[in-house]
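Comments concern the structure below.
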Amino acid sequence: MLKFVLLVCLVLTVTQAVKYHKSKLQFAQKRSLMVKRQATICGENQFLCTSGECILSEWTCDTQADCADGSDEKECECVCRGDRKFQCHNGHCIPASFVCDLDNDCGDNSDEIDCECDPTTEFRCNNGQCINIDWRCDNDADCFDASDELGCPEPSEGLLDFIVVSSNTASKHVQRPDVNAGLSADERDVTSYLPGRRPRLQVLPQVLRPLPA
């Protein structure tokens, strides 16, 4: 009985070893065949996609999938090739057209640093970032280093304090110029008097009342 068990174990061990070596041999043959196929089907400066087609080697890792299966854009974290790419400080690749477009496409803002700012429409942050000139001194830090809110003037004495009262939101204290005394409550949109790109407050319908002295 013991001999039979040992024989069975030996047979299983040999079978597994044969399968392993066969699999390893098949993998090596497949890889060799792929290299030969690439050499015979694709040109010297071409890349063989996993899906079978050939593309220019310079099209690999350029943030645009040229292979049908996208295999030309896989394993490209640290490689950005061609004129259409920009490599972020964090290793990501983005199209070159995304650089200095006032949008953090890299995720670490490295595509918006050391940009040439248009002095008529943009403000240059201390860190080299460019932002819309209207975002300067709008009580909202748009520069990553908040330099757009440094050295700003104090609020004008012509501003009046108001409380915005709404039936479905908590009362909020804001400042706005006294230029809409003749408007109805529905026409009084606080956001239209707050500078900057993003509304700070959106409460409609609303009633505006001066703060008690």
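Adding 359 to a residue's 1-based position in the sequence shown gives its number in our numbering.
All C-beta atoms in this analysis are idealised placements derived from N, C-alpha and C, irrespective of residue type, glycine included.
- The Cβ atoms of residue 465 and residue 488 lie no closer than 7 Å to each other.
- Under the three-state reduction of DSSP, residue 513 is assigned to coil, being neither helix nor strand.
- Within the DSSP bridge table, the entry for residue 406 names 414 as partners.
- DSSP, read as helix, strand or coil, puts residue 445 in strand.
- Short of 6 Å from the beta carbon of residue 458, and not among the five residues preceding or following it, lie these beta carbons of its own chain, in chain order: 445 and 470.
- For residue 463, there is no enclosing beta strand (DSSP E), since its DSSP letter is neither H nor E.
- Counting the other Cβ atoms within 10 Å of the Cβ of residue 407 gives 16 or more, which makes it buried.
- In the three-state DSSP reduction, residue 400 falls in the helix class (H, G or I).
- Closest option to residue 416, judged by alpha-carbon separation, among 410, 409, 427 and 431: 431.
- Taking the CA atoms as reference points, residue 410 sits about 12 Å from residue 424.
- Here DSSP, grouped into helix, strand and coil, assigns residue 472 to coil.
- When rounded, the separation of the alpha-carbon atoms in residue 414 and residue 455 is 21 Å.
- When the Cα atoms are used, residue 484 and residue 402 turn out to be separated by approximately 48 Å.
- Bridge pairing for residue 483: 489 [DSSP].
- When the Cα atoms are used, residue 449 and residue 412 turn out to be separated by approximately 31 Å.
- With fewer than 16 other CB atoms across the displayed protein chains lying within 10 angstroms of its CB, residue 513 is exposed.
- One Cα belongs to residue 426, the other to residue 418, and the distance between them is close to 9 Å.
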